[in-house]
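Structure first, commentary second.
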Amino acid sequence: MMDSEAHEKRPPILTSSKQDISPHITNVGEMKHYLCGCCAAFNNVAITFPIQKILFRQQLYGIKTRDAVLQLRRDGFRNLYRGILPPLMQKTTTLALMFGLYEDLSSLLQKHVSAPEFATRGVAAVLAGTTEAIFTPLERVQTLLQDHKHHDKFTNTYQAFRALKCHGIGEYYRGLVPILFRNGFSNVLFFGLRGPIKEHLPTATTHSAHLVNDFICGGLLGAMLGFLFFPVNVVKTRIQSQIGGEFQSFPKVFKTIWLERDRKLTNLFRGAHLNYHRSLISWGIINATYEFLLKVI
1 MMDSEAHEKR PPILTSSKQD ISPHITNVGE MKHYLCGCCA AFNNVAITFP IQKILFRQQL
61 YGIKTRDAVL QLRRDGFRNL YRGILPPLMQ KTTTLALMFG LYEDLSSLLQ KHVSAPEFAT
121 RGVAAVLAGT TEAIFTPLER VQTLLQDHKH HDKFTNTYQA FRALKCHGIG EYYRGLVPIL
181 FRNGFSNVLF FGLRGPIKEH LPTATTHSAH LVNDFICGGL LGAMLGFLFF PVNVVKTRIQ
241 SQIGGEFQSF PKVFKTIWLE RDRKLTNLFR GAHLNYHRSL ISWGIINATY EFLLKVI
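Its first residue numbered 1, the sequence shown is counted upward by one per residue in full-length UniProt numbering.
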């Protein structure tokens, strides 16, 4: 009788345990694209920030790589990672949204919209890129912290945010138009071409081979897109380096830079070769880390 009663009491305990664990597993599964994107961004920023800083100086001042390196050397090691917090916050957040929202919106649109898959995925990519632009203030502050002309005005992220506060909320969103354009179109190309490029790489049979293929795929795409949108980032950097004053349009700033650089396309792309290599490494790291974590989680 005691054995029978004990046997009858066990199933409810096991059932209850399963009910407690199941929602937790489901939540982790739903958020894995966001988590993988966040970790991939952290890994990338930590490794490539010094290269990005050299590139930034070239975009802003139109100087050669050697001169940009000498500038950083004069600034000293203590200033080498100055401004890393905003891109760390921005990249971890925006890449989490980029990968996570793209997957969620693609699934949602495919369920509720009767359109070809490439169209729904394209719209999802644009919407994900547009949502990323919410965090423009972090990119804005990063620009100010990396510009040596502002070194005497503020020494950290908090002071930079405070310096903009007196100019109104709009000041945090200088450069929003080029960011929206860059994010939307680059997302469409990245997600649209990632699969086809990987299919043309040698077939991977091991985990390390998959990692290499993901690195190559992400790196090639990142390098191509970085070069393609380089002039957009040049204009964005010039717009965001200003504090206060008139909000100049994208065409007006582009014309100013074009005239300053002797109307030569090569001068407009000064620093593009370094950006190409930085993007190759950065997006290789991002894509490989993302795909690796996606399999692990």
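A virtual CB, placed ideally from N, CA and C, is assigned to each residue, including glycine.
Only a predicted model underlies this, so the values are computations on that prediction, with no experimental measurement involved.
Is DSSP giving residue i helix, strand or coil here?
i      : result
GLN248 : coil
PHE229 : coil
TYR61  : helix
SER107 : helix
ILE297 : coil
ASP152 : coil
LYS255 : helix
VAL113 : coil
ARG261 : coil
SER241 : coil
LEU85  : helix
ALA204 : coil
GLY122 : helix
CYS166 : coil
GLY284 : helix
LEU138 : helix
LEU268 : helix
LEU80  : coil
GLY175 : coil
What residues in its chain sit with their C-beta under 6 angstroms from that of residue i, if we drop five residues either side in the sequence?
i      : result
PHE154 : ALA160, ALA163
ILE84  : PHE49
ARG263 : none
LEU97  : THR131, GLU132
ALA68  : ILE54, ARG57, GLN58
GLU115 : The sequence given here has Ala at residue 115, not Glu. Hits under 6 angstroms: none found.
Which whole-angstrom value is the C-beta distance of residue i and residue j, which I expect to be below 8 angstroms?
i      : j      : result
GLY122 : GLY222 : So it is not a contact: roughly 19 angstroms between Cβ atoms.
ALA124 : ASN183 : Contact doesn't hold; Cβ gap of about 13 angstroms is too wide.
ASN287 : PHE215 : 7 angstroms
ILE51  : ARG270 : Rounded, the Cβ-Cβ distance is 16 angstroms, inconsistent with contact.
ILE257 : LEU268 : 7 angstroms
LEU274 : THR65  : 6 angstroms
HIS167 : GLY244 : 5 angstroms
LEU201 : ASN213 : 5 angstroms
SER241 : LEU109 : Contact doesn't hold; Cβ gap of about 38 angstroms is too wide.
What residues in its chain sit with their C-beta under 7 angstroms from that of residue i, if we drop five residues either side in the sequence?
i      : result
ASN43  : ILE285, THR289
PHE181 : VAL232
GLN146 : LYS53, PHE56, GLY83
LYS236 : GLY175, PRO178, ILE179
VAL113 : THR120
ALA272 : PHE227, PHE230
ASP75  : HIS148
HIS150 : LEU144
VAL141 : PRO86, THR157, ALA160, PHE161
Hey, out of the options, whose CA is closest to residue i's CA?
i      : options                        : result
TYR158 : ALA133, GLY175, ARG82          : ARG82
ARG261 : ILE47, ILE51, GLN58            : GLN58
PHE99  : LEU35, LEU201, ARG270, SER249  : LEU35
ARG194 : PHE118, LYS64, ARG73, TYR61    : PHE118
LEU55  : ALA41, ALA46, GLN71            : GLN71
LYS252 : THR120, LEU80, GLY175          : GLY175
PHE190 : HIS200, GLY218, PRO178         : GLY218
PHE292 : HIS207, ARG278, GLY244, GLU246 : HIS207
ALA40  : ILE51, ARG78, GLN90            : GLN90
PRO196 : LEU220, ALA209, PHE185, HIS112 : LEU220
LYS32  : GLU171, TYR173, LEU95          : LEU95
GLU139 : THR93, THR205, ASN213, LEU259  : THR93
VAL234 : HIS210, HIS167, THR143         : THR143
THR136 : HIS151, TYR173, SER282, VAL212 : TYR173
GLY37  : ASN79, THR205, GLU103          : GLU103
VAL296 : SER241, LEU211, TYR276, GLN242 : LEU211
PRO86  : ARG263, VAL45, ALA204          : VAL45
GLU246 : SER107, GLU171, MET224, THR205 : GLU171
LEU88  : ILE47, ARG73, LYS198           : ILE47
TYR276 : LYS198, MET224, LEU109         : MET224
ASP152 : GLU30, ASN79, ARG73            : ASN79
SER107 : ARG73, GLU30, PHE77            : GLU30
Determine, using beta carbons only, whether residue i comes closer than 8 angstroms to chain D.
i      : result
ALA119 : Looking at the structure shown, chain D is missing, and only one protein chain is on hand.
Return the chain-ordered list of same chain residues with a C-beta closer than 8 angstroms to the C-beta of residue i, the five sequence neighbours on each side being excluded.
i      : result
HIS101 : In the sequence as presented, His is not what sits at residue 101; that position holds Leu. These residues qualify, in order along the chain: ALA124, LEU127, ALA128, THR131.
LEU105 : VAL123, ALA124, LEU127, ALA128
ILE239 : ARG174, GLY175, PRO178, GLN248, PHE250, VAL253
ALA204 : HIS210, VAL212, ASN213
GLY192 : PHE118, ARG121, GLY122, ALA125
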